[in-house]
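In the working numbering, the protein residues as written are 287 to 554.
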């Protein structure tokens, strides 16, 4: 059973000293990981870079918003900025690596640069290996318009988010499970997402082929409801193989976002 479970390396965590690095991706691919996920933020100059949070710490311990710093200044700031690769750099690694079967889950955190991101993927001939992921519905709507045959995964909270989540994120709430396309030019450099009680409905549901929900919010009936309509379910995050096997048996989810290289090693 373990060999058939689909594991996603979440930000290449523990494959290198820091998450979302070029070295981490290279190590994950060297270890024959089949699914790798990374996050995209946009810099002041419009460069797509691989980083999860809206801000990063420089060599002096000062925090800077990614979207307020030019990519050319990253090496000057040093600190965490020195380890942040560009999208083109990680796509080059994926394109040139011998692990040609690995799928790329591209989690887009900022809205408005979908055309540039898609163009980079196409240029590296990685379209058939890419799955676009986002907590922002406007990102998925925009990408679907550009590439309707691509695979899309929508991440959301399917149960009420915690107080700490609300403190660190802008939380939008859907009243009936439907989220219309309402693009915002101001949705960049932030952490935001949607709370939907239960399953997604409407046009966005018709576009996606997968959803991603937090592990502690998993519900067997929700997973079954999506499966009945051909939509796969993924969940985050996992640190050991036992929890993965247990959740596979109980919930029958399709993909597991994994935060530890040890889990991949245990499958060998």
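Virtual Cβ for every residue (Gly too), placed ideally from N, Cα, C.
The beta strand (DSSP E) with residue i in it runs from where to where?
i: residue 383; result: First-last for residue 383: undefined, no H or E at that position.
i: residue 325; result: 321-328
i: residue 518; result: 518-524
i: residue 470; result: First-last for residue 470: undefined, no H or E at that position.
i: residue 302; result: Taken as a continuous stretch (DSSP letters only), residue 302 belongs to no beta strand (DSSP E), as it is neither H nor E.
Comparing C-alpha positions only, which one of the options sits nearest to residue i?
i: residue 387; options: 517, 483, 321, 371; result: 321
i: residue 546; options: 296, 462, 391, 292; result: 296
i: residue 463; options: 454, 439, 457, 488; result: 488
i: residue 565; options: 420, 434, 483; result: In this structure the chain extends from 287 to 554, so residue 565 is not present and cannot be described.
i: residue 290; options: 319, 357, 345; result: 319
Around the C-beta of residue i, are 16 or more other C-beta atoms found within 10 angstroms, so that it is buried, or is it exposed?
i: residue 446; result: exposed
i: residue 502; result: exposed
i: residue 325; result: buried
i: residue 413; result: exposed
i: residue 434; result: exposed
Quick check: the Cα distance between residue i and residue j, rounded to an integer number of angstroms?
i: residue 371; j: residue 314; result: 16 Å
i: residue 424; j: residue 444; result: 18 Å
i: residue 418; j: residue 391; result: 6 Å
i: residue 294; j: residue 527; result: 13 Å
i: residue 406; j: residue 327; result: 14 Å
i: residue 535; j: residue 482; result: 25 Å
i: residue 450; j: residue 456; result: 11 Å
i: residue 505; j: residue 363; result: 44 Å
i: residue 538; j: residue 436; result: 24 Å
i: residue 519; j: residue 542; result: 9 Å
i: residue 441; j: residue 508; result: 14 Å
Please report the residue range of the alpha helix (DSSP H) in which residue i lies.
i: residue 478; result: Unbroken run through residue 478 is the beta strand (DSSP E), 478-481; no alpha helix (DSSP H).
i: residue 313; result: 308-316
i: residue 536; result: 527-537
i: residue 506; result: 506-513
i: residue 394; result: Segment 389-394 is the beta strand (DSSP E) holding residue 394; no alpha helix (DSSP H) there.
i: residue 493; result: 489-493
i: residue 550; result: 547-553
Which ranges does the alpha helix (DSSP H) cover as unbroken runs of at least 4 residues, wholly within the segment 404-462, from first to last along the chain? The segment 404-462 contains these whole alpha helix (DSSP H) runs: 423-432, 449-454.
Complete runs of the alpha helix (DSSP H) confined to the segment 341-366 [at least 4 residues]: 360-363, all fully within the segment 341-366.
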